[in-house]
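Take 77 as the starting number for the sequence shown in the working numbering and just add one per residue. Scroll down for the structure; my scribbles are underneath it.
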Amino acid sequence: MSMKPSQNITQLLRKWGDGDRSALDELTPIIYDELYRIAQAYMHRERSDHTLQATALVNEAYVRLINWENAKFDDRKHFFGVSAHLMRMVLVDFARKRPKRDDAPVYKVPLEDADDVAKELDADLVALDEALNELAAFDERKARIVELKFFGGLKTDEIAEILGVAEITVLREWKKAKAWLYLTLNKT
Numbered sequence: 077m078s079m080k081p082s083q084n085i086t087q088l089l090r091k092w093g094d095g096d097r098s099a100l101d102e103l104t105p106i107i108y109d110e111l112y113r114i115a116q117a118y119m120h121r122e123r124s125d126h127t128l129q130a131t132a133l134v135n136e137a138y139v140r141l142i143n144w145e146n147a148k149f150d151d152r153k154h155f156f157g158v159s160a161h162l163m164r165m166v167l168v169d170f171a172r173k174r175p176k177r178d179d180a181p182v183y184k185v186p187l188e189d190a191d192d193v194a195k196e197l198d199a200d201l202v203a204l205d206e207a208l209n210e211l212a213a214f215d216e217r218k219a220r221i222v223e224l225k226f227f228g229g230l231k232t233d234e235i236a237e238i239l240g241v242a243e244i245t246v247l248r249e250w251k252k253a254k255a256w257l258y259l260t261l262n263k264t
């Protein structure tokens, strides 16, 4: 009888969390495709000329994961949830550190407005991150749903599985979170 892939991933994650580095070597090729899918979902929402590519995003998140002291994951769902969060942090860090240049990327806008557009896109990501952190302070589940759906590109059933709730709960919380974020991000 063969083991289900999710059981194998969970066992390898636990071994890795217990200090078995060979488990990480065995785990890496198994999880890479899923990490890449999450990274692509993140990058799909970024501007088209973003200098960070999905592969680089996976690699940066992976480096943060393997250098994380006391990396303990309950199961594959927990691992991929943490991975999606780390990718969000990589993108936010990238947006905050991005040098503001006079020669902004080319957009289909008048040349004199190009730099403002690039700065605005990075500012929007930072503002969204700050709003999500504010939301998480009083409703962590709603913030996680936004993170997993918007940034991680996960489907409702996948989010429900990760959070251990019904799909209808995810849909209801998603609607409420979107409304709250809209109001928060559009304060003037």
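Glycine residues also receive a C-beta, built at the ideal position from the N, C-alpha and C atoms. Values in this document were obtained by computation on a predicted structure and should not be read as measured data.
- Less than 8 Å separates the beta-carbon of A117 from that of F227.
- Between A219 and L211 the beta-carbon gap is near 4 Å, inside 8 Å, which marks them as a contact.
- Relative to the Cα of G240, the nearest Cα in the group T104, H161 and H154 belongs to H154.
- Contact annotation: A207 and L257 have beta-carbon atoms nearer than 8 Å.
- Counting other Cβ atoms within 10 Å of its Cβ, Y108 stays below 16 and is therefore classed as exposed.
- L111 is positioned such that its CB atom lies no closer than 8 Å to that of R152.
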